[in-house]
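Taking it in order: structure first as structure tokens, then the write-up.
What follows is the structure in structure tokens.
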């Protein structure tokens, strides 16, 4: 990285100046991207936990979740704290025992952690169903994502939505096709995520009269 910066300064000092200024001003600085990159964690400009999704989706969703919403997420961490700060309840499933034990220390009254072995097409992808609840939002950001999307449909409220992170990946095209066949519309949020250099997509699959008022 230092060699690249040296080369850049040698051939175009003005570009180097702009690059270095990004750490103190501009969109990425305002979002806290540099601190997220440095700490390898999903945090905002104030050091508070956020989800590891696109900033455009975060801006969208934080104005729409309320205490009337129950959320299920595949994959836990800072996202669990972020969603729990706004929602009525958050259920989060983990397949990795070490990460499960770390996430369990969140210890918030409206968070329910679930440990489940990962076998594609088996209990993990069905874990929202096994709670016996219906959820307003199911966030697919863990493993076995295509099967998780397929099973999530049955665990949604009538106005529920499904959120698929990294939805641009070719291996998740089957989930797109399935959800569209089930009558869901598709709203993608593209851009950068906390501490992530490349652009990606976080997408909402929804039906009319959904809980997010899309």
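Residue numbers (our numbering): 77 to 290. Heads up, the beta-carbon is just placed ideally off N, CA and C, and yes, glycines get one too.
Item                                                                                                             : Value
Check whether residue 235 and residue 188 have beta carbons under 9 Å apart                                      : no
Same chain, Cβ closer than 8 Å to residue 165, five either side skipped, listed in chain order                   : 146, 147, 186, 187 and 188
In chain order, each beta strand (DSSP E) run of at least 3 residues that lies wholly inside the stretch 229-253 : 232-241
For residue 156, the first and last residue of its enclosing alpha helix (DSSP H)                                : 154-160
Cβ-based neighbour list, residue 229, same chain, cut-off 6 Å, excluding 5 preceding and 5 following             : 258
Pick from 141, 140, 118 and 173 that is closest to residue 131, judged by C-alpha positions                      : 118
Proximal residues to residue 168 (C-beta, below 6 Å), its chain only, five neighbours per side dropped           : 149, 152, 156 and 189
Alpha helix (DSSP H) segment containing residue 141, residue limits                                              : Residue 141 -> no alpha helix (DSSP H), and no H or E assigned at all.
Every unbroken alpha helix (DSSP H) inside the stretch 201-227 [4 residues or more]                              : 203-206
Coarse secondary structure for residue 146, derived from DSSP in three states                                    : strand
Bridge-paired residues (DSSP) for residue 170                                                                    : 191
Stretch pair the stretch 240-257 + the stretch 177-186: three plus CB contacts closer than 8 Å                   : no
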